[in-house]
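Just so we're aligned, residue 34 is where the sequence shown starts under my numbering, counting upward by one. Built from N, CA and C at the ideal position, the CB exists for glycine as well. Quick notes on the structure that follows.
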Amino acid sequence: YMGNDLRNAYAPGVTLDGTGQNIGLFEFSTTCYPEDFQAYTAQAGIAPVNISYVLLNGVSPIPSGDTGEQCLDVEVAHAMAPGANIIYYAGNNSIDIFNRIASDNICKSASCSFGVSPPPGALSQTLQQMAAQGQSMFNASGDSGFQSTGFGWDDNPYMTQVGGTVLTTSSPGGPWSAETGWGGSGSTISTAFTIPTWQQGIDMTAAGGSTTMRNVPDVAMVADS
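Structure, rendered in structure tokens:
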């Protein structure tokens, strides 16, 4: 799938394209090569990326090394909301990045695809600040399958944990047809956080989830193919 195929699968008929909105992306270590975005948008047939950078911890504005995951984050967000501004927060200290997204308070939707482990108390405080400000923080649940214990961040109840699926559409670039869980999708039953209100009252028999502790992930979308 190309990124814009996901709009047809998950948001058919939606005309809103993110115009006037900012999407925040939590990134590590480096910026991206502009020519990668240019090649992607040309092949996908969508408008060029409107991106700006907030660089922390001495990160250079000059791209270096493997930027594959960072570019993928930008390209998929842009394909889903081609009219939005992408605010790319790059640093080498995870809590510094989260704090800057919160203190800037210009992105009402932000996401992180990296495995990060800031101090749980500090992270919870920052995420609660975001929630109070109307900012939604999304976090990829990982790609190592079920883990008996959380990684220190991915069971945090103050951000939405996003798992992975295998998506089938009815035709190339067409509407949603079917979806199953992807075997590599990260998941866990928290040993630190009790079950949140939105997971209570659900029959966990088939899923193998807990009725007393937080289950991860909260939601899921395509992560394979």
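Practice task
Go to D50, then tell me how far its alpha helix (DSSP H) extends in each direction, as first and last residue.
Solution key: For this step, residue 50 is matched to residue 17 along the sequence shown. It is not in any alpha helix (DSSP H) - D50 carries neither H nor E in the DSSP assignment.
Practice task
Identify which residue in P115, G216, R247 has its Cα closest to the Cα of Y73.
Solution key: Against the sequence shown, residue 73 aligns to sequence position 40. Ranking P115, G216, R247 by Cα distance to Y73 puts P115 first.
Handout entry: Boundaries (first-last residue) of the alpha helix (DSSP H) holding Q233
Key = Stepping through the sequence shown from its first residue, residue 233 is reached at position 200. Q233 -> no alpha helix (DSSP H), and no H or E assigned at all.
Problem - Residue from F226, R40, M254, G217 with nearest C-alpha to D187 - result: As a working note, residue 187 is residue 154 in the sequence shown. It is F226.
Handout entry: Any 3 or more C-beta pairs closer than 8 Å across the stretch 75–85 and the stretch 123–131
Key = Below 8 Å, too few C-beta pairs join the stretch 75–85 and the stretch 123–131 to call them touching: fewer than three.
Handout entry: From Y191, D38, A112, residue whose alpha carbon lies closest to that of F131
Key = Here residue 131 corresponds to residue number 98 of the sequence shown, with the count starting at 1. Of the residues Y191, D38, A112, the one whose Cα lies closest to the Cα of F131 is Y191.
Practice task
Rank A256, G219, I120 by C-alpha distance to the C-alpha of V249 and give the top, closest one.
Solution key: In the sequence shown, residue 249 corresponds to position 216, counting from 1. Nearest option by C-alpha distance: G219.
Exercise for the section: Would you list the residues sitting across from D257 in a DSSP beta bridge? Expected result: Residue mapping note: residue 257 aligns to position 224 of the sequence shown, counting from 1. According to DSSP, which records beta bridges pairwise, D257 is partnered with V199.
Handout entry: Given M254 as reference, the closest of T221, A173, R133, G197 once Cα atoms are compared
Key = In the sequence shown, residue 254 corresponds to position 221, counting from 1. If we check each option's Cα against that of M254, G197 comes out closest.
Problem - Assigned exposure category for G154 - 16 Cβ within 10 Å defines buried - result: For the purposes of this step, residue 154 is taken as residue 121 along the sequence shown, with counting starting at 1. Exposed, since its Cβ has fewer than 16 Cβ neighbours within 10 Å.
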